[in-house]
Amino acid sequence: MARKDISPEKRLLELIERQDTSPKTISPLAAGEKYISVSSWKARVSFFREKMKQGWGKRQKVAADFETVNSVLQVLLGLFVIGITVSITLGVDKLQKQGLLFIPESAAASFEPAAVAALLKPEEYYLDKVHMRDLFRIGERKQEQIVDFVPAENTVEAKLREMTKNLKLVGISWSEHPDAIVENQKLEKTFFIKKGSMIDEIMVRDVLQDRVILRYEGKEVELR
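With positions in the sequence shown counted from 1, the corresponding number in this note's numbering is that position plus 16.
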């Protein structure tokens with residue numbers, strides 16, 4: 017009954033006071049501005065960048081740890097191999113001293129220098145094998161010496177044939193200024209020649225890829 021005695025003006029005043037004391041509402045647009053501001057975006061980018069740096073640092077640390085572990089394992093493996101070798105050597109010596117390990121005399125004698133030398137062939141055999149090899153060219157080895165004579169007078173040709181019958185072309189080193197090796201099989205003498213060189217009285221006129229041309233008193237002969 018007391019509320020009915022309130023005048024309309026006083027009711028209006030109470031209504032206005034209630035609106036002033038009620039919480040203010042913020043529009044969605046105004047609320048969203050603080051999330052899309054430039055400063056907020058800069059803060060988020062900076063935070064993301066810092067996280068990336070921390071992650072990269074952890075990866076580098078893990079890689080360094082793997083390298084360290086690998087190095088340690090290699091050292092341990094080397095020590096293990098050395099230890100096994102020393103252990104086996106000492107064990108064999110100990111067994112021999114205790115008489116538990118016996119090596120037959122025939123097997124021990126097989127390692128003596130005299131026994132090894134008996135298995136080798138004479139020195140001349142290996143020298144002949146070396147002389148038969150072509151030292152400078154790769155391919156099929158020449159088994160025979162081919163001597164092609166340019167037509168000449170009988171007397172000079174006979175002398176040139178006699179002078180070159182023991183000469184053998186061993187090999188050719190091809191380059192801008194090629195070299196060749198010629199061996200006198202009878203005298204066991206080796207000549208390292210090039211264009212313009214002399215083999216006794218015979219001049220080297222030219223060195224080609226597959227032959228050497230020799231000249232004597234205007235007559236020529238080829239060694240292949």
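Here a beta-carbon is modelled for each residue, glycine too, at the ideal position from N, C-alpha and C.
Spatial distance of residue i from residue j (CA atoms)
i	j	result
E178	W190	28 Å
N182	V220	16 Å
L230	V237	5 Å
Q90	I100	15 Å
K205	E199	6 Å
V228	Q201	17 Å
V97	L106	14 Å
K211	L95	60 Å
V102	K110	12 Å
F208	P194	11 Å
L28	F64	55 Å
I104	L203	55 Å
E66	I32	52 Å
S23	R34	17 Å
E30	M68	59 Å
E49	S62	No answer about E49 holds up, because its pLDDT of 49 lies below 50 and its placement is not dependable.
E169	K235	Unreliable positioning characterises E169 in this predicted model, as indicated by a pLDDT of 49, which lies under 50. The coordinate reading is nonetheless provided below. The straight-line gap from Cα to Cα measures roughly 9 Å.
V88	K113	37 Å
L92	E192	54 Å
Residue span of the beta strand (DSSP E) that contains residue i, given as start and end
i	result
N200	D195 to N200
G187	L183 to S189
L239	K235 to L239
D222	I218 to V223
K205	K205 to I209
I22	Neither: I22 is in no beta strand (DSSP E) and is coded neither H nor E.
R227	Neither: R227 is in no beta strand (DSSP E) and is coded neither H nor E.
Proximity to residue i [Cα-Cα], best of the options
i	options	result
K175	V186, E217, K110 and L29	E217
V223	I197, K235, V172 and Q201	I197
M214	L93, E233 and N86	E233
R240	H193, G187, F207 and E192	G187
D226	L185, L203, I22 and E192	L185
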